[in-house]
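Participant: Mapping to numbering that gives the first Met the number 0: the sequence shown position 279 is 278, numbers consecutive.
The structure under discussion is supplied below as structure tokens; questions concerning it will follow.
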Amino acid sequence: MTEHVRPSCSTGKLRILIRSSLFSYLILPLVLLQLCSNLASAGSPVKFLPGFEGPLPFELETGYIGVDESEDVQLFYYFVKSESSPETDPLVLWLSGGNCCTSFSGLAYEIGPIKFEQVLYHGTLPKLLLNPYSWTKVASIIFVDLPVASGFSYARTAKASQSTVLQACNQAYEFLRKWLVDHPEFISSPVYIGGDSKAGISVPIVTQLISDGNAVGIEPHIDLKGYILGNPVTTPGDGNYAIQFTHGMGLISDELYESLKLSCKGEYQNIDPSNALCLQNMEAYNQASNHFSASFAHILEPYCPYASPKPNNLFTGRRSTIQVFCEKTRELKIQELAAPFTDGYRLVYHWANDESVQEALHVRKGSIGEWIRCNCRYPFIRNIGNSLPYHANLSIRGYRSLIYSGDHDMVVPHFGTQAWVKSLNYPIIDDWRQWILQGQVAGEEAILLLSTSLLNVEQCLKGGYLISLYKQKLFASQNSPSRYAYFQGVAFLSK
């Protein structure tokens, strides 16, 4: 049972006290919405984008919304209106994963309506094409650059440039409330919070903040329905399942796998320094996995040293995979991106830093320096590392959740995702079966889990990390009679 205590609101702040069997007392500050014009600034329509031929065939809006006291944090967003029935279709707030990575990754590489043309780059502005499998076929989506300093978002003060997971989640909630005030036609829309990768921590927190705010009457009331997560980081133990994953994919021998299990006893990340046999086996494992693709994101992809740290950093406990990746990102300058190449993640640097592009997107001149896809230059403290209690709490409250994973992803192995889903101890109401798409086996439908009266779904598909990037076609089925989205047979965001 959750209890809420509302103190005097004369200070302009509201503090909510949460008490439940799943949490110790937790204080979450929620800033009261002030319904006045200075808190919400209208976005601007984007009719043309440099690199895209002709006018955009979908409605795109960009803008900034200030959050926190004095609005010293200015959050940049891209809003794409549903191409079907925006007045009744769901509204999705999409938070990017990674470490301080821009939400433009979701827009241009995963679920949005545009993508880069993969041709040899010779110095001209990269070209943009339509993505026929965009989720915006059936939903309106807000892609917000969060935390501060990611993408085109920026801070007005040095203090405001520092952030934590919990602070960023509160900013996301404040952003959504102000955005809805500025777009009243969407206040009654069914709302989902979505994200992937490290957003597996923040998305459930933001969802709970909205639920808590609705419970105590914070305006505007948000018609929250649930949340969506792809390849989500969830618990500190996610990485321990990489050993099981590599063995299951036939990448290490049975003998090494059994020796690892016996000597390390399931703990491969924080190894006891006195456990010599475990350390020896991990060294053998690191040698065996020395060139597993780019950042372990898709084990069948070509190895890319610029996108990936050395694999043996995954378990050493010295520098994390993300830290090494960020160091590479800092070193990556536009002038170092020698042509020709077709890597979309490199194309975006030339595109997003082009003056005509920033003008078309209504980016404030001088607000940032060089645009970086994943900006790790400013302090961001991950003060919450386990979102499992939030999943459990939201499920008790009856919100829908869709959790999907790629079965070639070694960053967040699907074994770990299945493990924490099963740990919720919901009864299985439907077993594994083939998932047929256009006469072919497109993937495996995962276990459907019953939580209160609603379904929690965990999907495992033939794909890699950020499966919405690798298997876009599987995520939209707008031509069906019921016009549902994301998974054939699972009408998660149905009309």
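The C-beta atom is built at its ideal place from N, Cα and C for all residues, glycine as well.
Taking 9 Å as the cut-off, decide whether the C-beta atoms of Glu70 and Pro112 are in contact.
Facilitator: no
Participant: Which value, in whole angstroms, describes the spacing of the CA atoms of Asn274 and Leu259?
Facilitator: Answer to the nearest angstrom: the Cα atoms are 11 Å apart.
Participant: Which word fits Gln117, buried or exposed, when buried means at least 16 other C-beta atoms lie within 10 angstroms of its C-beta?
Facilitator: exposed
Participant: Could you name the residues that DSSP lists as bridge partners for Ile242?
Facilitator: Beta-bridge pairing links Ile242 to no other residue.
Participant: Evaluate Asp195 with the Cβ neighbour count: other Cβ atoms within 10 Å of its Cβ, from every protein chain shown; 16 or more gives buried, anything less gives exposed.
Facilitator: buried
Participant: Check Pro44 in the structure and name its three-state DSSP category.
Facilitator: strand
Participant: Identify whether Leu473 lies in helix, strand or coil by the three-state DSSP scheme.
Facilitator: Model confidence at Leu473 stands at a pLDDT of 47, short of 50, so the residue's coordinates are unreliable and nothing is read from them.
Participant: From Val420 to Asp211, what distance separates their C-alpha atoms?
Facilitator: Cα to Cα, Val420 sits roughly 23 Å from Asp211.
Participant: Can you round the beta-carbon distance between Leu74 and Gln170 to whole angstroms, since I take them to be within the 8 Å contact cut?
Facilitator: 7 Å
Participant: On the CB-based measure, 16 or more other CB atoms within 10 Å of its CB, does Ser156 come out buried or exposed?
Facilitator: According to the sequence shown, residue 156 is Thr rather than Ser. Thr156 comes out exposed.
Participant: Whose C-alpha, out of Gly405, Glu58 and Phe151, is nearest the C-alpha of Glu358?
Facilitator: Phe151
Participant: Would DSSP call Leu208 helix, strand or coil?
Facilitator: Helix, per DSSP.
Participant: From the DSSP output, which residues share a beta bridge with Thr61?
Facilitator: Ser43 and Tyr77
Participant: Looking only at C-alpha atoms, which of Glu282, Leu165 and Thr234 sits nearest to Ile251?
Facilitator: Glu282
Participant: Locate the alpha helix (DSSP H) running through Phe414, then write down its first and last residues.
Facilitator: His413 to Ser422
Participant: Helix, strand or coil, according to DSSP, for Ile383 in the structure here?
Facilitator: coil
Participant: Work out the CA separation of Ser95 and Arg89 for me, nearest whole Å.
Facilitator: According to the sequence displayed, residue 89 carries Pro and not Arg. The alpha-carbon atoms of Pro89 and Ser95 are separated by roughly 19 Å.
Participant: Helix, strand or coil for Tyr348? Go by DSSP, reduced to three states.
Facilitator: helix
Participant: How is Tyr305 classed by DSSP in three states: helix, strand or coil?
Facilitator: Bear in mind that the predicted position of Tyr305 carries a pLDDT of just 42, short of 50, making it unreliable; the figure below should be weighed with that in mind. If DSSP states are grouped into helix, strand and coil, Tyr305 belongs with coil.
Participant: Would you mind stating whether Glu266 and Asn239 have Cβ atoms separated by less than 9 Å?
Facilitator: yes
Participant: To the nearest angstrom, how far is the alpha carbon of Gly384 from that of Ser133?
Facilitator: Distance between the alpha carbons of Gly384 and Ser133: 31 Å.
Participant: Is Tyr377 helix, strand or coil when you go by DSSP?
Facilitator: coil
Participant: Let me confirm a value: Leu276 is counted as buried when at least 16 other C-beta atoms fall within 10 Å, else exposed. Which label applies?
Facilitator: exposed
Participant: Considering only the beta carbon of each residue, do Ser139 and Cys99 sit closer than 9 Å?
Facilitator: No; because the gap between Cβ atoms is not below 9 Å, this pair is not in contact.
Participant: Is it true that the CB of Pro235 sits closer than 9 Å to the CB of Gln268?
Facilitator: yes
Participant: Pick out the complete alpha helix (DSSP H) segments inside the region 184-236, 4 residues or longer, and give them in chain order.
Facilitator: Correct list: 198-214.
Participant: Would Ile367 pass as a contact of Tyr153 if the rule is Cβ separation under 9 Å?
Facilitator: yes
Participant: Who are the near neighbours of Phe174 in its chain, counting only those whose CB is closer than 7 Å to its CB and skipping five residues on each side?
Facilitator: Ile64, Val66, Leu74 and Val143
Participant: Count the other CB atoms within 10 Å of the CB of Ser288; is the residue buried (16 or more) or exposed (fewer)?
Facilitator: Around the Cβ of Ser288, a 10 Å sphere holds 16 or more other Cβ atoms; the residue is buried.
Participant: To test your reading of the DSSP string, which unbroken beta strand (DSSP E) runs of 3 or more residues are found completely within the region 93-122?
Facilitator: 113-115
Participant: Between Ser187 and Asp222, how many whole angstroms is the CB-CB distance? I'm expecting something under 8 Å.
Facilitator: 6 Å
Participant: Any idea which residues DSSP pairs Phe142 with across the strands?
Facilitator: Phe142 is bridged to Tyr77 and Trp93.
Participant: Using C-beta distances below 6 Å, list every residue in its chain close to Ile242, excluding the 5 sequence neighbours before and after it, in chain order.
Facilitator: Leu259 and Tyr267
Participant: Please check the pair Val164 and Ile200, which I expect to be a contact at CB under 8 Å, by giving their CB distance rounded to whole angstroms.
Facilitator: That pair is a contact at about 6 Å.
Participant: In terms of residues, what are the limits of the beta strand (DSSP E) holding Arg176?
Facilitator: It is not in any beta strand (DSSP E) - Arg176 instead sits in the alpha helix (DSSP H) that spans Val164 to Asp181.
Participant: Would Gly247 and Ser400 be called neighbours here (beta carbons separated by less than 9 Å)?
Facilitator: No, the Cβ-Cβ distance between Gly247 and Ser400 is not below 9 Å.
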